[in-house]
Every structure is written in C-alpha cells, then in structure tokens.
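The next block holds one structure in the form of structure tokens; read it before the comments.
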Ligand SMILES: [Zn+2]
C-alpha cells in the first residue's frame, strides 16, 4: 500500500484562496468622500442613542434600525459597485420582467438603488434569522429577551451582510468563500469580519462585577458589533486591503 | 526528539514542585501553642485588684451549646423568621443577639474549630476536612473550651460532656464525651431523621445532673438549604421546630434547680447563599446567628434596645445587631464559665458581658488575661519584637511609638498597642479601652493578611511555573505553517492568564470556557468550509456540536453572579415527572452497555476455535458472541443502574417521585455499599478479561506480521465511562449522552493533532463547569465520595472526591486520546486498487482516493509516541500558563480584599487541575489509554 502514496496527502486539505479581486469603492468624488464619512455617521448615531439603549434596549434598538438601514443603503448605493450577477438573478424572477430593458434614466436606479434595496431585503429576511440563531448558539438567552436578541441579529445583519450581498450577490460558491474567510480583504469584507469579531468579543465584559447598567444583554454585543464594523471597515479599506487570510 | 522528551519530563516534574513551593508560601504559618492553658500562666499583676491570681467569679456553671447548621442571622432575627420564641426572649432582655462573622471557608469542620479553639483555621483545614479521619486534624490534643471544661474541677469532679448531632464533633473530639450519638450528614435529602435523632435525647438529658456541657448540632436546616435553598417552603417550619427546641431547653433552665446557672448558646456554624450552599464568602455564608440566653442576662440588658424582629444594617445583607467574630465565642465562654482561655485563641471577650461583674477590677482582669494570651501568639509570630509585661522606652523597643509614627509594620504597631495596655494597666477606664484596641488589632492582623505570606516563596513558585511554560514551550509542535488551532490555542491561553487577575472572572470562569468553546466550534466550521465544498451548511457536524454545547452549558447554572438562577436541571422538567429524566439516564446506560457488550463479544470471539482453525488474523465476533457479550454485561450495567436509582431515591428523592411501586421500595432497601462494590469489582474483572483477550490478539498480529491495532483503548474508555456514571449525580447523567454524541460528531470532523488537543482542553474545562462545579469551595460535591467505602479511608475518599467532581474532564481527556489516535472513528481502509475498477464518477473517485491517502497519512502520523508527545506538550504548556496566571494573580493581589475569598480557593482548584488532573489523568491515565491503543 505504501508504494501508492506518492501524492502529498495534505495537498487536498490546503485551502484555495479566492481569485477574486478586492472590492474597490466607486471612483467618483462622492463615493470617495462618503465611504469615510459613513462609519463616522453610523457610530455617531449609535453613540447618540447609547444611553437610551442602555436604559431600555428594545425600543431604542428598534428606533435606530430604520436609520441604520437607510444609512447602509445609501452607503452601498453611493460608494460600492453592485454585483455583476444581480441582473441575472432578477431576470429569472417572472414578476420583474418590466425591468429587463432599462432606459437611460432608469439605469442609475436599476444599477444601484434596486440592488441596494434587494440587499436590504435579503439582509433583513435571510441574514437576520440566521444571525439570531447563531447568537443563540453562542449563548444568547433562549427563554427570555427574544426581542433583544432578534434586534441584535438585525443590527449585525445590516452592518455586515447588507454590503456583502450588494457587492457579491447570492451565489453559493461565493458565499462559501466568504464564510471560509477565503476572499481578499477589502472594506466590505473587513467590515463584516470586524462586526462578527466585535460582537463575539462584546460578550467578554458581561461577567465582570462592575455592576454597570451597560453590561446587560445585548448592549455589549451590539456595541462590539458597531465598533468592530467601523474598525474592520477602516482596516479593510486601507492597511489590510487585498490581503488574504492564510491559515491551514 | 530525545532532548524534547527530557525537557517535557522536566517540565512535568516541575509542576508539583512549583505548586508545593507556592503553597507553603501562600498559606500562612500560624504559631501553634501546645498544651492546655492554666490560670498559673496569668503572671503576677497586683495592680489588677485584690484577688489578681483568682479568676473572677463565674456567673454560670453549666453550658448548653446548640449549633444549628447553616443558621443564617436572618433566620433568627429577621422579620420572616419562624423563631418567635427566641425573638420574644430578645425583647425580654434574657437573650443577647449577635451576628457572628464566620471566615471563609464556611464549612462545618473549620467553623467548629474556630468556635471551640477561638483560632481562625486556614485553608489547609479545608483539605483536611475532606480527609476527616486524619488524626492530625482532630482537636483531641488541642486547647479548646471542651478540653478546658473536661479539665475543670466542678462540684462533682472533673467536667463531663455530652454530645448529640453532627458526628463531625465526634471525629474532632474522640473519646471526649460521656454520652454521644452522632448523626452523619450523608444524605442531604434527610430533613427530619437527622434532627429527630438529636431531639429524642434532649428531654432525658435535661433531667440528668451529671453533665457540665451539652452540645447539640442540628443538621436538618442545612440540608433543606442544600436541597431547596433558603426560601424553601420547608425552611420556616424547620425554624419553628428549632424554636420549639429552644423553648424546651430554656423552660427547663427556668424551672429546674440544677440548671439554674446554665448558659444557653444557640448559633449557626455558617450561613448559606441564595442557592442554599456554603463554603465561600458571600455575606449570606459568613453571617450566622449567635444568641446567648439565660434569665440572668436581664442584668446586662437593662439599657439596651431589646428590639426584635429587626432589619439588617444594610438591605440585602445579613448584619443584625452587633457583628462579632465567631472566634470571640471561645474567650467569652471561658470568662462566663470560669476557665482559662484556650491557648490558641484569637477571639475577644464580648464586652456586653462585662456587666456581670460589679467590681471593675474583675472585668479588667479578664480582659488583661485575654490580651496577654493573645500577646503570646503575637510574640511567637514576631519574635524579633519586645512584648514585655512592663512599660518600655523607645530605646528598648527600637522604634518610636508616637501616634505620628505612621511607618510602623504590623508587628511594630502591635508592640506599641501592647505598650498601651501596659501603660494603662490598673486604670479603670483606659485599661479596658487599651485591652480591646490591642486585641481587635491582633485579631485582625493574625487572621491571615499580608504579613503572613512568605513572599520569597510566592515568587519562587511563580518563577518555577514560568519555567514550566518555558521548558514546555520548546517541546511544542512546530508553529509553522500557522494553523487555526495554533492561533486559537495561543489566544485562549493568553486571555485566560489575563482574566485570572479579575476576581469576577475567577468566580465566573465557566463563561470564559463556554465562550471560547463556542468560538472554537465556529472556527472548526469555517476551517472545514475552507477545505472542501460540502453541502452540509447548517447540518455540519461543527454546528451540531455547537448546538449540543449550547444545551450542555445551560444544564447547570454555576458561578456566583447568577447563583440559583434557572437552568435545565432546576427548570422542573426532571422534578414534576421523573420518567423523562430516568428515560434519559436509561438511554445513557443502555448506550454504554451496548458498547461494553461489543467489546466483550470481541473478546469472546478471540478464543473462537472455529475461526482460529481457519487462520483468520482478525476474528470477527459472531451473532452468538454478541449475544454472549450482552448477557455477560447486563448484570454489571443493571447493577450500576439499580445502584443509581437506589442512591438517588435516598439522596434526591424528588428525582424519583414519578417512579412508584414495590420495585422502588425494594430497591431502596438495598445495601448501597455492597451494590457499588459489585459495580467496581465487575468493571475491574471485565477490564482484565478484555485486556487478556486483546493481548492475545496483539501477540497474534505481531506473530503474523500483520498491521492494525486492537480496540482495548475504546473498551477501556467505555468502562471508565460506566465508572464515571457511578460517580455522577443522577440529574447530570444524561449529559454523558450529549458528550457521547459530541465525541461521535467530532470524529466526523477532520481534526489535526493540535486541533484535537485544543478541543480536548476546551471540552474538559467546559464539562467541569457544566456539571455544576465552580471555583468556589461550596460547589464541591461530596455525595458520591463514599461510594463503596464503609469506613473512613483518607486516600480512597480523596480519590473519589476528585473523580466525582472531575468526572467530566476525565471523560474528555480520554475521549481526546481516542480522537487523537482515531480510535473512535470507523477505520476506512479504502483500497485504492479497487477504485479503478469501480464504476464511479470521477469526482467521487478522486475524493475517495484522496481520503484514502489522507487516512493512511494520519495513521502513520499517529502511530508511535509523536502525536501523544505533542498532545502532552501542549497540555503541559497550558498547565504551566494556568499555574503561572493563578500564582501571579495571587502574588500580585495578595493584599486584595478578595484574596481569601476568591483567589485562594482558585489556587486550591489550580492545584487539583495541575497535579491530579494534568499529572494523574492527562499524563497517567491518558498515557495508559494511548499505550493500550497501540496493542
Ligand atoms: Zn452544609
């Protein structure tokens, strides 16, 4: 048997990084400017509402969910190139036949606004339940605080998934590479990784005996996600841009 | 390779050395005075009044000392208390109430030591508490108020003692009592028998004239706490029952002439926390009640408030009336009953009782003797300083005692306070004040604060632990290429070391492991996503283990912050209907049974003459063999199951409520010790038999030059599982079914050796906490520590305590070995030759081809000692980091408020992890399983 083993067995288990290029923000002035302002606005909004979130998480998180959605939609529409496959996806849908032949005026709307809203829809309907379930698997309460956890899932989904869907679409293989951390890092991917790591690390301060109001569920998680998003987006867009995550 | 092994052995040998060095520096040295104190020790002090050699006339000559285990202060003094008679005595002024602060560890034996000797027992006593029969821990030869009463001349000869209740007293004071009836606190579900066994003796003893002190120790209230917490519906009725006992005794004191001069003391040895447990240092645990009662006390309470019930000083805490130290009981009894204060006492005579003596010099004499007795201990501790019984100048002292001199050491300031006592001797006002000042300060200093550490040893111990890390670092598997397991291992260890400095994370350590384990399972998922495209998005084994982990972590609520919060065990699903629980337990036992049956079948098949004749190397078990295996193993696992049922029916009857009928009655009457011995014996017998059979197979393989290995490792693991089930409480047994599923799922994930070790580490820690343990002494479970032991045997009990509390880590350490050696996985010897002829699609062909090669490589990798060596290296490194973190935290925070309450218990647990778990289980038992895995 030994004679047959000529090929290095570990060759099959080596991860194959994606060959895709990192996402470049659009090359117009508005995009270049807004991509830096956007995280500042998002963080300011969160900071402004922070005390209200600590006091009563559910209404406060609900109140900033719509503004966050608007901000994220605006961000992707202004700054990011929509995925190339989105029209293809739309073509299959029978209800959307009208848009198959866009006019000159419509192209801006079709090109950015519509995919942005579709991404919002996907983030809200698909990613939120998935991320909420993940939160529960990671230890979120099951019997109580349902709305708290669901809203945290929604915030994390809007921060992390919405831009990703906008730039990468919904192809299975692409998403496998996204989950497998095989994509090259860019501001969108960095924002997603940052959000997830931030939310995960956000659980660390909860058991400390500081007796602070903000240690309650889910304030630290959502705060971690917001900070992680901003940091990840910044690093992903600058320092780590184009890098690949390498580990066996 | 050889130098690596040397380093690894060296690192492992250093672990116990580091622990011992650190422990000797950390647990304070306390001067111990042998012998009994006498009044002759009191010296010559004519300034102390006329009869300075004579003790002041004692107001009492008999003592009834009633301990109600875990009698928290609010159970007596609070507004919801059921003890209305005692409260009425407080209002009448014939009872003096206190809250007696009990120091950690708040468990019975060290508390009884504190009450009787007046000393403050150290954490070393905790270890001895588990080794109760150890003669060095008895108080028979020490100076206690019991010994003093026995030595005292009463009207009818030497003092006589009687004792009813907790047999801790009988173990601590062997051959002390004229009459005694001990009850053991073996089954905490027993709320009534333990107390009736005490109460039935009391009326008769109250009529007996021969005793001078009667000790009663009631356990029922403590049991109710352990079982259902302080808010249990049984609590107030039990308090009423205790109150009735107090009434009986107090009425006898009022009415019987021979009891007229009897002092009646009721106290708790410790309190309980909101979960009803104790051992730690929360306010609830450290605040037992202390009440002195006698009609004579009315003389003392003319001016006091006499209110009851009252509210605690701070809401949510348990400080009622004046807070005194538990050790103050001993000198107070000495003064009130007229005998010398025990030599090792660090307690202070309670000033409320000074009112008994109209002549000030009597009280001053008592206090001076108390102070002088404490001074002797202080003197022994600070041997370089002068504690003379005369006024000394600054020249003789060697330093200035002026109030402005702030830079005095603890010893120097005590010497100065002692000078204050000397200067004010004979002064009616100042004398009392100075004596109390000195005694309170001495009490505080000697209770185990900074001055008692041997700092050099702390540093050496920590440095040795650091050396363990250093040595084992060079034995680690190579760091490149960077792997997710390597990164995660590093992050986990560094974060752990940092978090050990946060007292709340020591208390809530389980959160760290749950969190780290969740993250790791998710990373495993990402990892496998990177390797090959699989359709298992959600149903991926990593996700399934994560989901199981989510269930496991909710099984038992542990830690301090949310102690007593809802968890799966207490949610009621196991209580209202025990059928669910026992079905799950039954399934767990069934699974183990079938596994062991397979091993037995295989061993029987070894000697199958039919197949032997045909000359097969690997003899497969036939149906007939399997049936024989099942028949052989059923009595064993059946006995184990029946033992569990019988034990639970006694230990936790609420878990067997749904099961009724004659069967349960029959089971309850069985002899538990005999049953469990049968189980242990059966396991040993089966293990030896299978070992013999596998040995035969192995010899045959070697003879024929065939490849492969036997299944003894798996068999051993399955039999150890059955043993661990025997050592586990019923409500935790279904967790082993979940563990089992996790093991099977993990075999489906292609784990690298480092990843396997990390998984082992994370799951060992997770299972320890998920089974209900924490870093608090109160969480140590003793209910399974006497399985199969009828007489006290220190090492056997200690071993069983360890195995029943560390059952989860033992399970996972061994499961980790099986994962490491791929013993648990189905061995797929895919013959690549066959693949070419098979009519399969090219992709699958490739896939299988690769898989075959990979498995071949894994088999090669894992053969021999290398994988095992790297596994041990990683875990030695972890143990080093863990010890380093804990020791550095204990050293750096030795002045911290929580050092005795949080960090010292953590160090005790770290000792157990380092020595017993790493040395004994990971290296010892794990090495054995690895070795037999190669047969
Ligand atoms: Zn207890």
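Protein chains in written order, with our numbering: chain A, 1 to 248; chain B, 1 to 935. Glycine included, every Cβ here is placed at the ideal spot set by N, Cα and C. Keep in mind that this is a model prediction, so the values were computed, not measured.
In the DSSP annotation of this structure, residue 918 of chain B is not part of any alpha helix (DSSP H), being labelled neither H nor E. Within chain B, the C-beta atoms nearer than 7 angstroms to that of residue 207 of chain A come from 504, 505, 508, 511, 561, in chain order. Look at residue 328 of chain B here: in three-state DSSP terms it is helix.
The three-state secondary structure of residue 246 of chain A, taken from DSSP, is coil. The C-alpha of residue 232 of chain B lies about 7 angstroms from the C-alpha of residue 225 of chain B. Contact between residue 530 of chain B and residue 181 of chain A is confirmed by a C-beta separation of about 7 angstroms, below the 8 angstroms threshold. For residue 657 of chain B, the three-state secondary structure derived from DSSP is coil. With fewer than 16 other CB atoms across the displayed protein chains lying within 10 angstroms of its CB, residue 210 of chain A is exposed. If you draw a 10 Å sphere on the C-beta of residue 889 of chain B, you find 16 or more other C-beta atoms in it, and that means buried. Taken through DSSP and simplified to helix, strand or coil, residue 575 of chain B comes out as helix.
Here the C-alpha atom of residue 173 of chain A lies approximately 18 angstroms from the C-alpha atom of residue 160 of chain A. Within 8 angstroms of the C-beta of residue 215 of chain B there is not a single heavy atom belonging to ligand 1. In the three-state reduction of the DSSP assignment, residue 24 of chain B falls in the helix class, which pools H, G and I. One thing to note: residue 342 of chain B has its Cβ within 9 angstroms of the Cβ of residue 118 of chain B.
Within the stretch 172 to 206 of chain A, contact with chain B at the beta-carbon level (separation under 8 angstroms) is assigned to 173, 176, 179, 180, 181, 182, 200, 203, 204, 206.
Rounded to the nearest angstrom, the gap between the Cα atoms of residue 545 of chain B and residue 910 of chain B is 28 angstroms.
Using a cutoff of 8 angstroms, the CB of residue 780 of chain B does not count as near ligand 1, since none of the ligand's heavy atoms is closer than that. Annotation: residue 60 of chain A is outside any beta strand (DSSP E); the continuous alpha helix (DSSP H) that includes it extends over 57 to 63. A distance of 9 angstroms or more separates the beta carbons of residue 883 of chain B and residue 471 of chain B. The stretch 76 to 83 of chain A and the stretch 28 to 40 of chain A touch, with three or more beta-carbon pairs separated by less than 8 angstroms.
Shown here is that no member of the stretch 877 to 901 of chain B has a Cβ falling below 8 angstroms from a Cβ of chain A. If you check each beta-carbon in the stretch 512 to 530 of chain B against every beta-carbon of chain A, the ones closer than 7 angstroms belong to 514, 515, 518, 519, 526, 529, 530. Residue 225 of chain B has its CB nearer than 8 angstroms to a heavy atom of ligand 1. Using a Cβ-Cβ cut-off of 9 angstroms, residue 164 of chain A does not count as an interface residue toward chain B, since no Cβ of chain B sits closer than that to its own.
Assignment of residue 652 of chain B by DSSP, reduced to helix, strand and coil, places it in the coil class. For residue 164 of chain B, the enclosing beta strand (DSSP E) begins and ends at 161 to 166. By the C-beta criterion, the stretch 224 to 238 of chain A is judged not to be in contact with the stretch 400 to 420 of chain B, since fewer than 3 inter-stretch pairs fall below 8 angstroms. Taking a contact as a CB-CB distance under 8 angstroms, the pair residue 172 of chain B and residue 215 of chain B does not count as one, their CB atoms being some 11 angstroms apart. One alpha carbon belongs to residue 399 of chain B, the other to residue 371 of chain B, and they sit about 22 angstroms apart.
Contiguous alpha helix (DSSP H) elements confined to the stretch 454 to 533 of chain B occur at 455 to 473, 484 to 499, 503 to 507, 509 to 531, taking only those with 4 or more residues.
9 angstroms or more divides the Cβ of residue 809 of chain B from the Cβ of residue 742 of chain B.
Excluding the 5 residues flanking it on each side, residue 289 of chain B has same chain C-beta neighbours closer than 6 angstroms at 71, 73, 76, 268, in chain order. Using a Cβ-Cβ cut-off of 7 angstroms, residue 546 of chain B is close to 137 of chain A, given in chain order. Annotation for residue 179 of chain B: the continuous beta strand (DSSP E) segment containing it runs 179 to 183. When B/748, B/761, B/729 are compared, the shortest CA-CA separation from residue 771 of chain B is found for B/729. Using a Cβ distance threshold of 9 angstroms, residue 99 of chain B and residue 324 of chain B count as a contacting pair.
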